[in-house]
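Taken in order, these protein sequences are the chains called A and B. Using full-length UniProt numbering, you'd call the opening residue of the first sequence number 1 and step up by one each time. Using full-length UniProt numbering, you'd call the opening residue of the second sequence number 1 and step up by one each time. Heads up: the structure comes next, in structure tokens.
Protein chains: 2
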Amino acid sequence: MRLATVSTPTGTTAAVQDGEDWRALPARDLSAAFADGSWAAAPGAVVPGAVPVLPLPRPGKVVCCGLNYGEHIRETGRELPAHPTLFAKFADTLTGPTDDLRLDASAQWDWEAELAVVVGTPLHRADRAAARAAIGGWTVANDLSARDWQRRTLQWFQGKAWDATTPLGPVVVTPDEVDPFAGLAVSCRIDGVEVQRDSTATLVFDAADLLAYVSTFTVLRPGDLVLTGTPGGVGMARDPQRWLADGEVLETEVEGIGTLRNTIRLTQEESSWTPATTA
Amino acid sequence: MRLATVSTPTGTTAAVQDGEDWRALPARDLSAAFADGSWAAAPGAVVPGAVPVLPLPRPGKVVCCGLNYGEHIRETGRELPAHPTLFAKFADTLTGPTDDLRLDASAQWDWEAELAVVVGTPLHRADRAAARAAIGGWTVANDLSARDWQRRTLQWFQGKAWDATTPLGPVVVTPDEVDPFAGLAVSCRIDGVEVQRDSTATLVFDAADLLAYVSTFTVLRPGDLVLTGTPGGVGMARDPQRWLADGEVLETEVEGIGTLRNTIRLTQEESSWTPATTA
Numbered sequence: 001m002r003l004a005t006v007s008t009p010t011g012t013t014a015a016v017q018d019g020e021d022w023r024a025l026p027a028r029d030l031s032a033a034f035a036d037g038s039w040a041a042a043p044g045a046v047v048p049g050a051v052p053v054l055p056l057p058r059p060g061k062v063v064c065c066g067l068n069y070g071e072h073i074r075e076t077g078r079e080l081p082a083h084p085t086l087f088a089k090f091a092d093t094l095t096g097p098t099d100d101l102r103l104d105a106s107a108q109w110d111w112e113a114e115l116a117v118v119v120g121t122p123l124h125r126a127d128r129a130a131a132r133a134a135i136g137g138w139t140v141a142n143d144l145s146a147r148d149w150q151r152r153t154l155q156w157f158q159g160k161a162w163d164a165t166t167p168l169g170p171v172v173v174t175p176d177e178v179d180p181f182a183g184l185a186v187s188c189r190i191d192g193v194e195v196q197r198d199s200t201a202t203l204v205f206d207a208a209d210l211l212a213y214v215s216t217f218t219v220l221r222p223g224d225l226v227l228t229g230t231p232g233g234v235g236m237a238r239d240p241q242r243w244l245a246d247g248e249v250l251e252t253e254v255e256g257i258g259t260l261r262n263t264i265r266l267t268q269e270e271s272s273w274t275p276a277t278t279a
Numbered sequence: 001m002r003l004a005t006v007s008t009p010t011g012t013t014a015a016v017q018d019g020e021d022w023r024a025l026p027a028r029d030l031s032a033a034f035a036d037g038s039w040a041a042a043p044g045a046v047v048p049g050a051v052p053v054l055p056l057p058r059p060g061k062v063v064c065c066g067l068n069y070g071e072h073i074r075e076t077g078r079e080l081p082a083h084p085t086l087f088a089k090f091a092d093t094l095t096g097p098t099d100d101l102r103l104d105a106s107a108q109w110d111w112e113a114e115l116a117v118v119v120g121t122p123l124h125r126a127d128r129a130a131a132r133a134a135i136g137g138w139t140v141a142n143d144l145s146a147r148d149w150q151r152r153t154l155q156w157f158q159g160k161a162w163d164a165t166t167p168l169g170p171v172v173v174t175p176d177e178v179d180p181f182a183g184l185a186v187s188c189r190i191d192g193v194e195v196q197r198d199s200t201a202t203l204v205f206d207a208a209d210l211l212a213y214v215s216t217f218t219v220l221r222p223g224d225l226v227l228t229g230t231p232g233g234v235g236m237a238r239d240p241q242r243w244l245a246d247g248e249v250l251e252t253e254v255e256g257i258g259t260l261r262n263t264i265r266l267t268q269e270e271s272s273w274t275p276a277t278t279a
């Protein structure tokens, strides 16, 4: 199944794709549908003019893995890791698959195309097999990062938790339809020029590893998200370094799932507002 | 006012202290009371046998600051920072002021006594003055950390986001009653022996700095939490290093606010369950 949260004249609804159409599911969005199981309900009427929006507006947890593709690890000058590098985002960090990305306060906004996992059933201290069985679906994310803020301190969080900067979607595809374990192409394009491409088969820690590992210390619930990390090709690692510019169109694709298409709206608001510098 | 979430025979209620008594407020807990403003409502009847439990069970965001007292920064061998070091916890990471702390999977559980700030009004891109005015209250936290997990990778998150390991409470004190900006003693004791003591007046980034800084990249809402960092004296920095042991009683106090009193229940469950090692 290909699931989405779609806009309607009266709000949003969870929906399942039927050919060219979207049929309503009995939940206002996929966060609700994963929470109550209604993502698997019988599809209702076709939703006229349905447009996929942010599929999961209220995940309880968003856990991200860094340094998880060999090529990206090498471009940052590091060794292959023994454990996944993890950090968190907020639900507020997410935004829709075609939303403009309103960026400011940094001149070093960078892209990170990623495969994202949607948790389907509760998970606590799971092994790999249980973790894999708990995967509810797959989607696409771009972990945009303000590299200067990310490197201000040892902890990356403040460069990666800016409201409405991580596009997600456009659809959540159930595991019977795609198999990232076997390998799906993850790619990123800026104004049509490819800047990242790798296969999910080369992940150091795959989705089952990550869900099992995270479930060691915190319970994962239906609708929670785990972002699996980005391939090589980010702007920070280029020579010269390359940052996102106002008006550029950022496309983020995972083969067999879908494509995010977001326009960069970059402003430097220094005149009206100065980032807090408190030292 | 001294506010709490207290247990009753039929669940919990938000409450305000009246001498020796707790009087009910019209919300099931302080998360609800901060969300709808009912923390300021007229107090109702005395709650018989009221016992403070986790005051804020559902903060939307929990942001923590590391390396924020000069003495603790020096004991980790670092320089005074230009920017606050930030990371996130989940609501699930929190636990009540007298709850046992069930720890496992690490033999390096360490303590971090902290002053915590409760956001009172929505905050976005605030300056220091607006941030200070948005403080809804003050409480006490202990940012227990599994040091081996914290140091497995560059990101501390996986050592600091274990479910039910950060005690919080016992009360939330409104800003008219205590003034951490002027200096309150933060202390930590293990079985009655003091291991940490410093004054909130020596914070590198005070609560107004932190709320303003965080509000640069993400909106803060009523009931959100910001933990301000821990003084020197953690077990990791001792010679020899010193970790929490089964049966020890951990007391965490901020002068004028209150004391957390939690018993360590440490097990090494390796026989029944092995932490995921996925490399």
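Think of the CB as a built atom: it goes at the ideal place given N, C-alpha and C, for glycine as much as any other residue. What you are looking at is a predicted structure, and each value in this text was computed from that prediction instead of being measured.
Sequence-distant Cβ neighbours of B:P26 in its own chain, meaning closer than 6 Å and more than five residues away, are S38, A41.
Within the model, the alpha-carbon separation for B:V171 versus B:L103 is close to 24 Å. Residues of the region 79-90 of chain B that bring their beta carbon within less than 9 Å of a beta carbon in chain A comprise L80, P81, A82, H83, P84, T85, L86, F87, A88, K89, F90, in sequence order. Taking a beta-carbon distance threshold of 8 Å, A:T218 counts as an interface residue toward chain B. Runs of the beta strand (DSSP E) spanning 3 or more residues and lying entirely within the region 82-108 of chain A occur at 85-89, 101-103, in chain order. In summary, the residues of the region 88-113 of chain B whose CB is separated from some CB of chain A by less than 7 Å are A88, F90, D92, A105, in the order they occur in the chain. Judged by their CB atoms, B:A45 and B:A32 are not nearer to each other than the 8 Å cut-off. Here B:M236 has D110, R147 as same chain residues with Cβ atoms under 6 Å from its own Cβ, once five neighbours each way along the sequence are excluded. Under the criterion of beta carbons closer than 8 Å, B:P97 and B:L260 qualify as touching, at roughly 5 Å. The residues P59, G60, K61, V62, V63, V118, V119, in chain order, have a CB closer than 8 Å to that of A:D224 in the same chain once the five nearest residues on each side in sequence are set aside. Only residues of its own chain outside the window of five on either side were considered, and among them G70, I73, V204 have a CB closer than 7 Å to the CB of A:L80, listed in chain order. Each of B:V186, B:P240, B:T267, B:A207 was checked against the Cα of B:G232, and the nearest Cα belongs to B:V186.
Shown here, A:Q196 sits in a strand according to DSSP, grouped into three states. Here the alpha carbon of B:T230 sits roughly 10 Å from the alpha carbon of B:A141.
Within the region 146-166 of chain A, R152, T153, L154, Q155, W156, F157, Q158, A161, W162, D163 place their CB atoms closer than 7 Å to a CB of chain B, listed in sequence order.
Looking at B:E75, B:G169, B:A91, B:F90, the one whose alpha-carbon comes closest to that of B:E251 is B:G169.
Interface with chain A (8 Å Cβ-Cβ cutoff): B:G229 is excluded. Taking CB atoms only, B:G120 has no neighbour in chain A less than 8 Å away. For A:S215, the uninterrupted alpha helix (DSSP H) segment begins and ends at 207-217. Distance from the CA atom of A:V6 to the CA atom of A:F157, rounded to whole angstroms, is 30 Å. For the pair A:T85 and B:D21, the Cα-to-Cα distance works out to about 47 Å. Distances from the alpha-carbon of B:V16 to those of B:P175, B:L3, B:I257, B:R28 put B:L3 closest.
Annotation: the continuous beta strand (DSSP E) that includes A:W138 extends over 135-142. Judged by DSSP secondary structure, A:R74 falls within the alpha helix (DSSP H) whose first and last residues are 70-75. DSSP, read as helix, strand or coil, puts A:A245 in coil.
In the three-state reduction of the DSSP assignment, B:W156 falls in the coil class. When DSSP states are grouped into helix, strand and coil, B:Q17 belongs to the strand group. For B:L3, no alpha helix (DSSP H) encloses it; the enclosing beta strand (DSSP E) starts and ends at 2-8.
Closest in alpha carbon position to A:D163, among A:D143, A:R128, A:T216, is A:D143. The Cβ atoms of A:T166 and A:I257 lie no closer than 8 Å to each other. For A:G192, no CB of chain B lies under 8 Å from its own CB, so it is not counted at the interface with that chain. Using beta-carbon distances, A:G66 counts as an interface residue toward chain B, with a partner under 8 Å. At least 8 Å separates the beta-carbon of B:L115 from that of B:S215. Look at A:D148 here: in three-state DSSP terms it is helix. Here the alpha carbons of A:V195 and B:D29 stand approximately 49 Å from one another.
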